[in-house]
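These notes concern the structure reproduced below.
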Amino acid sequence: MTPVWLGERPVIPGKIVCIGRNYAAHAEELGNPVPDEMVVFCKPASAVGDRLISHSGGETLHYEGEICLMMGEQGTVRGAGFGLDLTRRGLQSELKAKGLPWERAKAFDGAALFSRFAEVDALPCQLDLVLEVNGEARQHGGTESMLYPPARIIEEIRGFMSLQPGDIVMTGTPSGVGEVRPGDRFHGRVLTEGRILAEGRWTAT
Ligand code: ZN
800 MTPVWLGERP VIPGKIVCIG RNYAAHAEEL GNPVPDEMVV FCKPASAVGD
850 RLISHSGGET LHYEGEICLM MGEQGTVRGA GFGLDLTRRG LQSELKAKGL
900 PWERAKAFDG AALFSRFAEV DALPCQLDLV LEVNGEARQH GGTESMLYPP
950 ARIIEEIRGF MSLQPGDIVM TGTPSGVGEV RPGDRFHGRV LTEGRILAEG
1000 RWTAT
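Using my numbering, read the sequence shown as starting at 800 and increasing by one per residue.
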């Protein structure tokens, strides 16, 4: 298993809980209705990769940059980081059309990449993300434009599923998703009040 780093400590998350369609503009770009209930799915810990792959199962992957939280005890947050939710969009569309689960499109090995998580004492009240690909800004988002902000996400998940220390919550992606091409250089940052909390750099293979 590939660990995720919280400061200097390696952590194997028990699970990765992901929120879908948490930004209205991204739901629109994929032609999805804005949901009347929070969309939740999971990636297994085995999905964590240590390099950015551009293909899986013969399909070009799509990137989704996301603000990510690492959980502590009792629903507290102890880390904030940047994550890439890698997706087989074509397969996901087929599965969606058939009303089938998304795991084949989102839970494969290497489908989740994370920057090092910055240790935090509590959930920062404001978080923003910026993703640049080859030096060009592709995605901007933040807690202010989320349909479900982090505190609400955690509360709602915990209403039906325990969150254990080390579990990761991926809070959804803003608009600007696209294909990963070999050689593309990704630079993702998570900021609070204009200060960089965490950042990750990957070159796609
Ligand atoms: Zn996502």
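Glycine included, every Cβ here is placed at the ideal spot set by N, Cα and C.
Taking the continuous alpha helix (DSSP H) assigned at E954, which residues delimit it? Membership of E954 in the alpha helix (DSSP H) is indicated by the continuous run P949 to R957.
Which residues DSSP lists as bridging L890, in chain order: Beta-bridge pairing links L890 to no other residue.
M969 classed as buried or exposed, judged by whether at least 16 other C-beta atoms fall within 10 angstroms: So M969 ends up on the buried side.
Same chain, Cβ closer than 7 angstroms to N821, neighbours up to 5 away in sequence not counted: These residues qualify, in order along the chain: M945, L946, Y947, T970 and G971.
What distance in whole Å lies between the Cβ atoms of S892 and P981, which are believed to be in contact at a cut-off of 8 angstroms? Your pair P981 and S892 does not check out as a contact, with CB atoms roughly 23 angstroms apart and the cut at 8 angstroms.
Cβ-based burial, V833 [other Cβ within 10 Å; buried from 16]: By the neighbour-count rule (16 or more Cβ atoms within 10 Å), V833 is not buried but exposed.
Compute the distance between the beta-carbons of G813 and A844, then report whether it is under 9 angstroms. In this structure, the beta-carbon distance from G813 to A844 falls below 9 angstroms.
Proximity of A1003 and L829 at Cβ, strictly below 9 angstroms: No. Outside cutoff.
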